[in-house]
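Input: a single structure, listed below in C-alpha cells.
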Amino acid sequence: MGSPKACMSTYLIAVLCLVTGARSAAAFNYADALDKAVLFFEAQRSGKLPPGQRVAWRADSALSDGNASNVRTYSDDKSWTHAMPLPCMSSTRVYPLMCAFDQVDLVGGYYDAGDNVKFGLPMAFTVTMLSWSVVEFGGAMPPGQLANAEAAVRWGSDYLLKAATATPGALWVQVADPYQDHRCWERPEDMDTPRAAYKVTPQNPGSDVAGETAAALAAASLVFRARDPAYSSKLLRAARQVFDFADRYRGSYIDSLSSVVCPFYCSYSGYKDELLWAATWLHLASSPSPSSQSVYLTYINSNGHTLGGEQDAYTVSWDDKRAATKVLLSKVFLQNRVESLRTYKAHADKYICSLVPGAGGFQSQYTPGGLLFTERDSNMEYVTSTTFLLLTYAKYLSSTGGAASCGSTAVTPSTLVSLAKKQVDYILGANPAGMSYMVGFGARYPRRVHHRGASMPSVRDHPARIGCDEGFHYLHSSDPDRNVLVGAVVGGPDQSDSYSDSRDNYAQAEPSTYTNAPLVGALAFFAGAH
Numbered sequence: 018m019g020s021p022k023a024c025m026s027t028y029l030i031a032v033l034c035l036v037t038g039a040r041s042a043a044a045f046n047y048a049d050a051l052d053k054a055v056l057f058f059e060a061q062r063s064g065k066l067p068p069g070q071r072v073a074w075r076a077d078s079a080l081s082d083g084n085a086s087n088v089r090t091y092s093d094d095k096s097w098t099h100a101m102p103l104p105c106m107s108s109t110r111v112y113p114l115m116c117a118f119d120q121v122d123l124v125g126g127y128y129d130a131g132d133n134v135k136f137g138l139p140m141a142f143t144v145t146m147l148s149w150s151v152v153e154f155g156g157a158m159p160p161g162q163l164a165n166a167e168a169a170v171r172w173g174s175d176y177l178l179k180a181a182t183a184t185p186g187a188l189w190v191q192v193a194d195p196y197q198d199h200r201c202w203e204r205p206e207d208m209d210t211p212r213a214a215y216k217v218t219p220q221n222p223g224s225d226v227a228g229e230t231a232a233a234l235a236a237a238s239l240v241f242r243a244r245d246p247a248y249s250s251k252l253l254r255a256a257r258q259v260f261d262f263a264d265r266y267r268g269s270y271i272d273s274l275s276s277v278v279c280p281f282y283c284s285y286s287g288y289k290d291e292l293l294w295a296a297t298w299l300h301l302a303s304s305p306s307p308s309s310q311s312v313y314l315t316y317i318n319s320n321g322h323t324l325g326g327e328q329d330a331y332t333v334s335w336d337d338k339r340a341a342t343k344v345l346l347s348k349v350f351l352q353n354r355v356e357s358l359r360t361y362k363a364h365a366d367k368y369i370c371s372l373v374p375g376a377g378g379f380q381s382q383y384t385p386g387g388l389l390f391t392e393r394d395s396n397m398e399y400v401t402s403t404t405f406l407l408l409t410y411a412k413y414l415s416s417t418g419g420a421a422s423c424g425s426t427a428v429t430p431s432t433l434v435s436l437a438k439k440q441v442d443y444i445l446g447a448n449p450a451g452m453s454y455m456v457g458f459g460a461r462y463p464r465r466v467h468h469r470g471a472s473m474p475s476v477r478d479h480p481a482r483i484g485c486d487e488g489f490h491y492l493h494s495s496d497p498d499r500n501v502l503v504g505a506v507v508g509g510p511d512q513s514d515s516y517s518d519s520r521d522n523y524a525q526a527e528p529s530t531y532t533n534a535p536l537v538g539a540l541a542f543f544a545g546a547h
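Using this note's numbering, read the sequence shown as starting at 18 and increasing by one per residue.
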C-alpha cells in the first residue's frame, strides 16, 4: 500500500471506470458530506483540544485521565490495604488487578458515541477503519481535506500509542466506569464521575482489544509512512509489541474485565478474529511490498485456519472482523498473486454475494426503501462498514479485471459500486422519509441526537457547571440540540424505514465514531468520482 498521493492518478482512473454506469437520479455533494463526516471526529475529542479545533462549542475535558492520585494500593490476596477510592470501583464490582495503580498519561483519544467513556475496543476499530479509508481513498481527497482526515487518525493513534506503551507488559483499554457515567447526563467539560482506568495484563488478558489495537496502530502507520516516517515507525513498533502481547497471552477481555466492558462492548466473536485481522495489517505495514514474505504472512498461513479464516461471517463491526479480514487478504491475493491466500478470496466472494440481490448466495435484508438492515440498534454502523467493504472489494477486483463469483453469476465491480452508492445516497437523503441521517447535511436531518455535549448549552454559552442530575432535563427535552453535531451519522431508521427523532431513542438517535470511520472512505470514493 503506497501513500495516498502516490496512488492518486491510478486511483482516479479506477474510480472513473467503476462509477460509469453506477450513477442514479440522486445527486449529492459528496465532498461536502466528506468534510462533515471528518469534522464529527473533532466533536468527539477528549483531552486538551488543539489550536486548530474547528468545533468551537467543545472545550478541554478529562485532563486527568490516568492520574492515580486518589488510588490506593492493594495486597496480594486482592484485598484493599486502604479504603477503596471511587476511581477504582464500578457500580457492581471491584477490579483490583485491572484498575489504575500507576501514574499514567491517558489524556486524549475519542469518546465513542453519546457518552463520556473511552472504550478501547471501538476506539481502536475506529482508528483502523479511518486509517483504511485514508489508505485506500485518500488519493481522492484535496490536500486540506486529506490533512483533516489524517489529523483525525492521528488523534486516535496518539492515544492508542500512549495506552500501549505507558506500562510495560500491559495495555490500557478503557477510561471511566460506564455505569457511573450513564447515571449522569453531563457535558464532557463538566465530568465529575469516576475516571477509573482499566488495563489487560498477562494474568488478565484481552487478546480481542489488544489485537484490534495492534491492527489500528499498524494501519495508522501506513497512513503516515510517506508523510511522517519517524512517527510511522513508532506506530509500527508499538503494533508489533501489542500483537505479540495479544497472541502470547490469549484470552478475551470480557473474562478479565467482565461488567466494566459488557454489556457495553462485549466481544461476542471472541478474540481469534482480531488476531488474524491484526496479523494482516502487520503484514501490509511490515513488508516492502504486499507480495513479500513476512513473519506475519507466515503466521497467517500457519494459523489462519484456526483463527476464523475458514469461517464465513456476514456482518462487520467493532466486534467481528472476519469478513473484513478476508476482503483485505483478497487484495494481497488479487494484486500480488500470493497463492496461499486464494481461499480468502473465495470466502470474501461469499460475503459479497450475500449482499447482492439476485446473486447466488444472497441472504441480506433490505428495508422497503433499500437500506441494508442488520440490527435494530445502531443499524447504520453495519451499513457504513458494509458499504466501505463493497467499494474496497470493487477496487481490488477492478485492478485485476476480476469479479465476485456468486454461484453461476459473476458480480462485477460496477455492480458493487452501484449497491454501495445506494447505501450512501440513502444516508444522505434518498430515502422514503426524504431525510438525511447525517446531522447538518441537507435541509432535513435529526435535530435531537442522543449525545450529551450536543444536547446541552456549550461551556462558551453557559460557563456555569451543569450537574449530573440537572442534565437529564436536556436528555428528555423535545427541544432541538443546542449544538449541531455536524457530520454525525445516527443509528438510523428501522426495518420499515421509520425514524423517531427523539433524544431518548438511543437505538436510532445515537451516533458513533465507528459509524463515521468507514463512511469517510466511501464518501471520498464518490467525491473523487464527481
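Don't be surprised by glycine CBs; every beta carbon is placed ideally from N, CA and C.
- Sequence-distant Cβ neighbours of I317 in its own chain, meaning closer than 6 Å and more than five residues away, are A296.
- Between F543 and V456, the C-beta gap is not smaller than 8 Å, which leaves the two residues out of contact.
- In the three-state reduction of the DSSP assignment, R62 falls in the strand class.
- Taking 8 Å as the cut-off, the Cβ atoms of Q191 and F136 count as close.
- Distance between T426 and S402, taken at the CA atoms: about 24 Å.
- Across the set T230, L188, W74, the C-alpha of L188 shows the shortest separation from the C-alpha of Q220.
- In this structure, the beta-carbon distance from R204 to G470 falls below 8 Å.
- In its chain, beyond the 5 residues on either side, E59, A60 have a beta carbon closer than 6 Å to the beta carbon of V72.
- Between the stretch 171 to 179 and the stretch 150 to 158 there are fewer than three inter-stretch CB-CB distances shorter than 8 Å, so the stretches are not counted as touching.
- In the three-state DSSP reduction, T426 falls in the strand class (E or B).
- From the listed residues G125, Q70, W74, the smallest Cα separation to G83 is found for G125.
- When only Cα atoms are considered, E398 and V506 end up about 9 Å apart.
- Collapsing the DSSP output to three states places S395 in coil.
- In the assembly as shown, Y285 is an exposed residue. Its beta-carbon has fewer than 16 other beta-carbons within 10 Å.
- With a threshold of 16 other beta carbon atoms within 10 Å, G64 meets it and is buried.
- Here L372 has S381 as same chain residues with Cβ atoms under 6 Å from its own Cβ, once five neighbours each way along the sequence are excluded.
- Following the DSSP letters along the chain, one finds A73 in no alpha helix (DSSP H), marked with neither H nor E.
- Straight across, the Cα-Cα distance linking S395 with H322 is about 31 Å.
- With a cutoff of 8 Å on beta-carbon distance, E291 and S334 are scored as not near each other.
- Pairing D122 with A183, the inter-Cα distance amounts to about 7 Å.
- Taking D77 as the centre and dropping the five residues before and after it, the same chain places the C-beta of G64, K65, L66, E206 closer than 8 Å to its C-beta, in chain order.
- For a cut-off of 8 Å, the C-beta gap from S529 to R499 is around 20 Å, too long to register as a contact.
- DSSP places V217 within a strand segment (E or B) once states are collapsed to three.
- The Cβ atoms of P385 and D514 lie closer than 8 Å to each other.
- Every alpha helix (DSSP H) stretch that sits fully inside the stretch 299 to 360 and reaches 4 residues is listed by chain position as 312 to 320, 339 to 353.
- Measuring C-alpha to C-alpha distances from R254 to each of M140, T332, A235 identifies A235 as the nearest.
- Boundaries of the beta strand (DSSP E) harbouring Q191: 188 to 192, taken from the DSSP string.
- Taking C-beta separations shorter than 6 Å and ignoring five residues to either side along the sequence, the partners of R461 in its chain run M452, following chain order.
- Secondary structure at L502: coil, using DSSP grouped into helix, strand and coil.
- Straight-line measurement puts the Cα of C279 at about 15 Å from the Cα of P222.
- Contact check between the stretch 268 to 279 and the stretch 298 to 306: fewer than three CB pairs, one atom from each, fall below 8 Å, which does not count as touching.
- In this structure, L408 keeps its C-beta atom at 8 Å or more from the C-beta atom of A363.
- Shown here, L389 sits in a strand according to DSSP, grouped into three states.
- Residue ranges of uninterrupted beta strand (DSSP E) with 3 or more members are absent from the stretch 127 to 189; none lies entirely inside it.
- Counting the other Cβ atoms within 10 Å of the Cβ of H493 gives fewer than 16, which makes it exposed.
- Looking only at K348, Y127, A130, L358, the smallest Cα-Cα distance to K412 is reached by K348.
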